[in-house]
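Engineer: Residue numbers (our numbering): 202 to 628. The beta-carbon is built from N, C-alpha and C at its ideal position, and this holds for glycine as well. None of the values given here were measured: they were computed from a predicted structure.
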């Protein structure tokens, strides 16, 4: 095996609070509000870099204008679709009343906003509706379920996030027939029409998953501007840097990593677990999943993307949270339980025999920490010629054998997320 680093341009914003302030000052969001107005700030459940810093800067902006902000979870059915669970998700990201300097109000009651022209009922969080204005804070990125001009971002938060559990259930049911992008656009427009939305702060992340751009988006341009921002961030997207892999190992999956547990546009699986639906991505023949992220709260959505998993992963699953999330999204595929064996060695040996190669030395392997961390890989040495043709790749060490212990397990050959060396490897 080879330890390989993929180098990306550093697009990171150097002073996030200052940049947030500049964007909100130019936005005009506060123009229609009087001092003392109540502003509801919607925050989601994804593992967005620097989210606590960004949200605190948003709170401070509204306070500086003499407003009374509060934060509410805008995350559909996440957090096991309970008020307590959604508050816990925000708290784990460092978003609490103490850290933000304002109330965090988590509840599930919604207000009906009428129907779209297509007959879709639209909803909004009760505390948001009762406020004088709502501001959205969300990352704009590609969606794991589909491909379109408008995928995951402010519009999706207006629809599925603000709709809470009640809305999320209905929207995904409609989406099964008409497509999620259509539902997001139509419900988002209906929510905008209620007059409560002030605007949104769009967050764009680079291939390092650092905060690369912050932009205040006004409601009159939100739909078209979000399309432009999505097109931009797709050009920064990190990918597995080889054309084909027989066996891909993931150390972890989780809701904090991707709404689907693993980014389908990294592992090249559809939300229905179809193999290699995206022709512009590397072909991944088999996937081995070793564990759940600590920050997924036992939600194992995405386990079905694996062809094989370690048996121990099943011991940490909260099936209530997992099933609620999957059923709400009308996507049962990622909940299916794959083949499972007790050791890393058995998982790898069993699955590697299913890729159509008689000679085990011809099987190609890739290993990543998770689908958010594509800066550090372990690749099998038989991929070296392809790796060396890519000027963005750097072989850090190897070749080395995976250090299996007597029980047939191995510590991850990758260091923790963001590190540049693997301490368990003897080079």
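(1) How big is the Cα-Cα spacing for residue 384 and residue 237?
(2) Measure how close the beta-carbons of residue 266 and residue 334 come, nearest whole angstrom, since I'm counting them as under 8 Å.
(3) Does the Cβ-Cβ distance between residue 389 and residue 277 come in under 8 Å?
(4) Near residue 364, which residues of its chain fall below 6 Å by C-beta distance, leaving aside the five closest residues on each side in sequence?
(5) Using only the alpha-carbon positions, how far apart do residue 239 and residue 520 sit?
(6) Along the beta strand (DSSP E) that carries residue 270, what are the first and last residues, could you check?
(7) Taking DSSP as the reference, what is the three-state secondary structure of residue 350?
(8) Between residue 552 and the rest of its own chain, which residues show a CB-CB distance below 7 Å, the 5 nearest in sequence each way excluded?
(9) Given a threshold of 16 other Cβ atoms within 10 Å of its Cβ, counted over all protein chains shown, does residue 511 qualify as buried or as exposed?
(10) Compare the Cα-Cα distances from residue 498 to each of 208, 275, 215 and 285 and report the closest residue.
(11) Determine whether the beta carbon atoms of residue 496 and residue 248 lie at a separation below 8 Å.
(12) Check residue 355 in the structure and name its three-state DSSP category.
(13) Let me make sure I understand the geometry here. Which of 439, 500 and 603 has the alpha-carbon closest to that of residue 593?
(14) For residue 615, which of helix, strand or coil comes out of DSSP?
(15) Can you find the residues in the same chain that come closer than 6 Å, C-beta to C-beta, to residue 463, ignoring five residues on each side of it along the sequence?
(16) What residue from 343, 544, 250 and 515 has the CA that sits closest to residue 607's CA?
(17) Kindly list the residues whose CB is nearer than 7 Å to the CB of residue 522, restricted to its own chain and excluding five residues on each side of it in sequence; keep chain order.
Structural biologist: Taking the geometry as given:
(1) The residue labelled residue 384 in the question sits at position 183 within the chain shown. The residue labelled residue 237 in the question sits at position 36 within the chain shown. Residue 384 and residue 237: Cα-Cα distance of roughly 35 Å.
(2) What you label residue 266 is simply residue 65 of the chain shown in a count that begins at 1. What you label residue 334 is simply residue 133 of the chain shown in a count that begins at 1. Not confirmed; about 11 Å, so no contact.
(3) On the chain shown, position 188 is the one that residue 389 refers to. On the chain shown, position 76 is the one that residue 277 refers to. No, the pair does not count as a contact, with Cβ atoms beyond the cut-off.
(4) Reading the chain shown from its first residue, position 163 is the one you call residue 364. Excluding sequence neighbours, residue 364 sits near 324.
(5) Looking up residue 239 in the chain shown gives position 38. Looking up residue 520 in the chain shown gives position 319. So the two alpha carbons sit approximately 38 Å from each other.
(6) Taking the first residue of the chain shown as position 1, residue 270 is located at position 69. 269 to 274 is the span of the beta strand (DSSP E), which, as asked, contains residue 270.
(7) Within the chain shown, numbered from 1, the residue matching residue 350 stands at position 149. The answer is coil: DSSP assigns residue 350 none of H, G, I, E or B.
(8) Locating residue 552 in the chain shown gives position 351, where the first residue counts as 1. Counting only Cβ-Cβ distances below 7 Å, and skipping sequence neighbours, we find 448, 487, 489, 508 and 509.
(9) Here the question's residue 511 lines up with position 310 in the chain shown. Counting Cβ neighbours within 10 Å, residue 511 comes out buried, since at least 16 surround it.
(10) The residue you call residue 498 lines up with position 297 of the chain shown. When each option's Cα is compared against that of residue 498, the closest is 285.
(11) As a first step, residue 496 must be located in the chain shown, where it is residue number 295. As a first step, residue 248 must be located in the chain shown, where it is residue number 47. Going by C-beta atoms, residue 496 is nearer than 8 Å to residue 248.
(12) Along the chain shown, read from residue 1 onward, the residue named residue 355 stands at position 154. Helix, per DSSP.
(13) In the chain shown, residue 593 corresponds to position 392, counting from 1. Closest option to residue 593, Cα to Cα, is 439.
(14) Locating residue 615 in the chain shown gives position 414, counting from the first residue. DSSP places residue 615 in coil when its eight states are reduced to three.
(15) Position 262 of the chain shown, counted from the start, is the residue given in the question as residue 463. Here the set comprises 454, 503, 506 and 572.
(16) Locating residue 607 in the chain shown gives position 406, where the first residue counts as 1. Checked all of 343, 544, 250 and 515; the closest Cα to residue 607 is 544.
(17) The sequence position of residue 522 within the chain shown is 321, counting from 1. Contacts found: 281, 498, 499 and 500.
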